[in-house]
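A short worksheet on the structure shown next.
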Amino acid sequence: MTQPAPSSQPAANAIRREGAQRVLSRLIQARAEIAGRLVFTTSFGLEDQLLTHLVVEARLAQEIAFATLETGRLFPEVHDLWAETERHYGIAIRAFVPDAHSVEALVAEQGINGFRASPEARKRCCQVRKLVPLDRALAGASGWITGLRADQSQARAAVGLFEADPARGLTKINPLHDVTRDEALATAQALGVPLNPLHARGFVSIGCAPCTRAIAPGEPERAGRWWWEQDAAKECGLHVGVDGRLVRAAGAEARP
């Protein structure tokens, strides 16, 4: 990404600050409009790190629960950033892990990397390692804060600020829904947000280590996830409803 000339840096930082304030106002709006428990699930990617910073800045860290899915297959860099984030912001991020017996059965059934055999096998792995722990993380929550952006993929193009999640009986909140990756990166850098060093090595969307690769210039953002599959949607199921759709139709925002 081209860096602004020195003469334009103050103006550029002001624009980034304005964008950060817009996201901050959305977090505050969500807290005000949604009664009950709010949970923010972070995978320590660019978007989630920026949101973590803004949640703390908005003084909402005591009102929004931080959670992460420890699948057992994460990059070491993710673990290091996890620890750094807790130190930097003075917060605790609760880990939700898969059931040990379910993982043992999965590996016995598939082998350690059997998820590459078919999309069904991969989704079975995601179910055990991610979806079941996510349901535990969101149990009893009224709102779920995510780092989804509409420009991450064609499948996510319709994502809005508020989305209904009828299967879990809650409202999904996407404060960065209309923020581009370049905007998110520039804002995070301007604010001094700790970021995963893998981003600088071409790892744009970071998931489990065996399922994530760096992307080449010009490749779609989600191309580095499950690259051996042909499905362009490239979703693990966390954000897919019971009807198989990723999000509600554009403009169909759900408010509590």
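Here our numbering is used: position 232 in the sequence shown is 234, and no number is missing along the way. Where a beta carbon is used, it is the ideal one built from N, C-alpha and C, also for glycine. Values in this document were obtained by computation on a predicted structure and should not be read as measured data.
DSSP-derived helix/strand/coil call for residue i
{"i": "residue 209", "result": "coil"}
{"i": "residue 139", "result": "helix"}
{"i": "residue 9", "result": "Its pLDDT being 44, under 50, residue 9 is placed unreliably by the model, and the measurement read from it follows with that caveat. Residue 9: helix per DSSP, three-state reduction."}
{"i": "residue 96", "result": "strand"}
{"i": "residue 172", "result": "strand"}
{"i": "residue 19", "result": "helix"}
{"i": "residue 201", "result": "helix"}
{"i": "residue 158", "result": "helix"}
{"i": "residue 227", "result": "strand"}
Selection from the options that minimises the alpha carbon distance to residue i
{"i": "residue 146", "options": "26, 87, 36, 22", "result": "36"}
{"i": "residue 38", "options": "172, 105, 45", "result": "172"}
{"i": "residue 221", "options": "231, 208, 129, 204", "result": "204"}
{"i": "residue 49", "options": "228, 219, 152, 113", "result": "152"}
{"i": "residue 26", "options": "107, 140, 53", "result": "53"}
{"i": "residue 29", "options": "163, 131, 91, 114", "result": "163"}
{"i": "residue 60", "options": "82, 81, 24", "result": "24"}
Unbroken beta strand (DSSP E) run spanning residue i, endpoints
{"i": "residue 167", "result": "164-167"}
{"i": "residue 67", "result": "66-71"}
{"i": "residue 146", "result": "145-147"}
Continuous alpha helix (DSSP H) stretch holding residue i: start and end
{"i": "residue 189", "result": "183-193"}
{"i": "residue 87", "result": "78-91"}
**Request:** Kindly provide the ranges of any beta strand (DSSP E) runs that are 3 or more residues long and lie completely inside the stretch 28-53, ordered along the chain.
**Result:** 40-43
**Message:** As an exercise, report each continuous alpha helix (DSSP H) stretch of at least 4 residues that is fully enclosed by the stretch 98-131, in chain order.
**Reply:** 102-112, 121-128
**Request:** Determine, using beta-carbon pairs with one atom in the stretch 208-225 and one in the stretch 74-90, whether at least three such pairs fall under 8 angstroms.
**Result:** Output reads yes: the stretch 74-90 touches the stretch 208-225.
**Item:** Cβ pair count under 8 angstroms reaching 3, the stretch 118-126 against the stretch 92-102
**Value:** no
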